[in-house]
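Visitor:
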Ligand SMILES: C[S@@+](CC[C@H](N)C(=O)[O-])C[C@H]1O[C@@H](n2cnc3c(N)ncnc32)[C@H](O)[C@@H]1O
């Protein structure tokens, strides 16, 4: 079904609702520096969509280079207007969008790869996920990190809608299908705009709902030497405070998002 939004609105609403390129790039750079005592320079953003993080990565650092990888020309085209065009010409020279498959793309060896907003859940077979993780590991330099995000918690597998109200925009995250046998699932993003008009199924995702232990096992099988989970702290109302720190275990809260860092060596 054709969306009632323009492409600019579609990606503007998406990024305002689910992305924080500045925060996530500084999280990855800070963790890398803390661990390896040097700054990372080359970054690969898998499933990059508009490449917001690839553009953020090169800001203000003349040694930083990035590659944004996505199969779909639509978000790449929008990202070049929304993000790339706003960089200085020196920064632009250090960003490359590649309209390619993350399974087969070739890039120079990189310090950091990320796969965010659960995009790798698109691979439903274990053998496919293993092949993807092996391809990522092969793309990395020595002493390097693959960052992924992951979500779960008992509420996240129920057929319910999570609602987030923002200024002039409401975001809806709906679990439309969940098969307990296979973990095949369907999620959808809807928006309500400033005029009160609802735009349904603007983005839909047919995924396998992978669990944390499965993903960590496959990363290990792909050759990553270690994985670390970053868990979010609580604010005084018991909501996430946006601060993620390494953890060994956590309370089984209703719904959660965390990061996994997988170390090549
Ligand atoms: C959920 S969006 C993620 C966008 C952005 N990375 C973010 O964090 O919000 C998933 C993106 O992955 C892309 N994609 C799906 N399969 C892919 C593949 N095998 N190789 C490259 N891109 C792929 C889709 O075109 C889509 O733009």
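In the working numbering, the protein residues as written are 3 to 267.
All residues carry an ideal CB built from backbone N, CA and C; glycine is no exception.
#1: Ligand 1: which residues have Cβ under 6 angstroms from any of its heavy atoms, chain order?
#2: Can you list, in chain order, the residues of its chain whose CB lies under 7 angstroms from that of residue 107, leaving out five sequence neighbours each side?
#3: What number of angstroms, rounded off, separates the C-alpha of residue 157 from the C-alpha of residue 254?
#4: What are the start and end residues of each continuous alpha helix (DSSP H) run of 4 or more residues lying completely inside the segment 57-140, in chain order?
#5: Measuring straight from C-alpha to C-alpha, what distance separates residue 27 and residue 204?
#6: Helix, strand or coil for residue 28 per DSSP?
#7: I'd like to know whether the C-beta atoms of residue 115 and residue 141 end up nearer to each other than 8 angstroms.
#8: With a 10 Å radius around its C-beta and 16 neighbouring C-beta atoms as the bar for buried, classify residue 51 as buried or exposed.
#9: Which complete beta strand (DSSP E) runs does the segment 166-247 hold, if anything under 3 residues is left out?
#10: On the criterion of 16 or more Cβ atoms from any shown chain inside 10 Å, does residue 36 qualify as buried, or is it exposed?
#11: Would you grab the beta carbon distance between residue 226 and residue 123 for me? Rounded to a whole angstrom, and I think it's under 8 angstroms.
#12: Under a Cβ-count criterion, where at least 16 other Cβ atoms within 10 Å of its own Cβ denotes burial, should residue 268 be classed as buried or exposed?
#13: Report yes or no: do the segment 172-185 and the segment 147-155 share at least 3 C-beta pairs separated by less than 8 angstroms?
#14: With a 10 Å radius around its C-beta and 16 neighbouring C-beta atoms as the bar for buried, classify residue 150 as buried or exposed.
#15: Pick helix, strand or coil for residue 40, following the three-state DSSP scheme.
#16: Determine the DSSP secondary structure at residue 19, reduced to helix, strand or coil.
#17: Less than 8 angstroms separating the beta-carbons of residue 68 and residue 96?
#18: When burial is assigned at 16 or more other CB atoms within 10 Å of the CB, is residue 129 buried or exposed?
#19: Could you work out which residue in 147, 134, 188, 146 is closest to residue 163 when comparing CA atoms only?
#20: Given that a residue counts as buried once 16 or more other Cβ atoms are within 10 Å of its Cβ, and exposed if not, what is residue 113?
#21: Would you report the Cα separation of residue 262 and residue 105, rounded to the nearest angstrom?
#22: Given residue 77, which residues of its chain have a CB within under 7 angstroms of its CB, disregarding the five upstream and five downstream residues?
Guide: The structure says:
#1: Ordered along the chain, the selected set is 20, 21, 49, 50, 51, 71, 72, 73, 74, 77, 103, 104, 105, 118, 119, 121, 124.
#2: Indexing the chain shown from 1 puts residue 107 at position 105. Contacts found: 71, 100.
#3: Working through the chain shown from its first residue, we reach residue 157 at position 155. Working through the chain shown from its first residue, we reach residue 254 at position 252. Distance between the alpha carbons of residue 157 and residue 254 is about 11 angstroms.
#4: Complete alpha helix (DSSP H) runs here, min 4: 75-84, 91-94.
#5: As a working mapping, residue 27 is identified with position 25 in the chain shown. As a working mapping, residue 204 is identified with position 202 in the chain shown. Distance between the alpha carbons of residue 27 and residue 204: 26 angstroms.
#6: Reading the chain shown from its first residue, position 26 is the one you call residue 28. The three-state reading of DSSP puts residue 28 in helix, counting H, G and I together.
#7: If you number the chain shown from 1, residue 115 lands on position 113. If you number the chain shown from 1, residue 141 lands on position 139. The answer is yes: Cβ separation under 8 angstroms.
#8: Position 49 of the chain shown, counted from the first residue, corresponds to residue 51. Under this definition residue 51 is a buried residue.
#9: The qualifying runs are 171-180, 186-194, 200-210, 228-236.
#10: Within the chain shown, residue 36 is the residue found at index 34, counting from 1. It is exposed - the Cβ of residue 36 has fewer than 16 other Cβ atoms within 10 Å.
#11: Locating residue 226 in the chain shown gives position 224, where the first residue counts as 1. Locating residue 123 in the chain shown gives position 121, where the first residue counts as 1. That pair is no contact at about 18 angstroms.
#12: Absent from the structure is residue 268, since the part of the chain shown begins at 3 and ends at 267.
#13: Three or more Cβ pairs closer than 8 angstroms define a contact, and the segment 172-185 falls short of that threshold against the segment 147-155.
#14: Taking the chain shown and counting its residues from 1, one reaches residue 150 at position 148. Its Cβ being crowded by 16 or more others within 10 Å, residue 150 is buried.
#15: On the chain shown, position 38 is the one that residue 40 refers to. In the structure shown, residue 40 sits in coil (DSSP, three-state: anything other than H, G, I, E or B).
#16: Taking the chain shown and counting its residues from 1, the one referred to as residue 19 is at position 17. Helix, per DSSP.
#17: What you label residue 68 is simply residue 66 of the chain shown in a count that begins at 1. What you label residue 96 is simply residue 94 of the chain shown in a count that begins at 1. In this structure, residue 96 lies closer than 8 angstroms to residue 68 by Cβ.
#18: On the chain shown, residue 129 is found 127 positions in, with the first residue counted as 1. Flag for residue 129 reads exposed.
#19: Position 161 of the chain shown, counted from the start, is the residue given in the question as residue 163. With distances taken between CA atoms, residue 163 lies nearest to 188 out of 147, 134, 188, 146.
#20: Along the chain shown, read from residue 1 onward, the residue named residue 113 stands at position 111. When all chains shown are included, residue 113 counts as buried.
#21: As a first step, residue 262 must be located in the chain shown, where it is residue number 260. As a first step, residue 105 must be located in the chain shown, where it is residue number 103. Residue 262 and residue 105: Cα-Cα distance of roughly 20 angstroms.
#22: The count along the chain shown starts at 1 and reaches residue 77 at position 75. For residue 77, where only same-chain residues beyond five positions count, the Cβ hits under 7 angstroms are 13, 51, 52.
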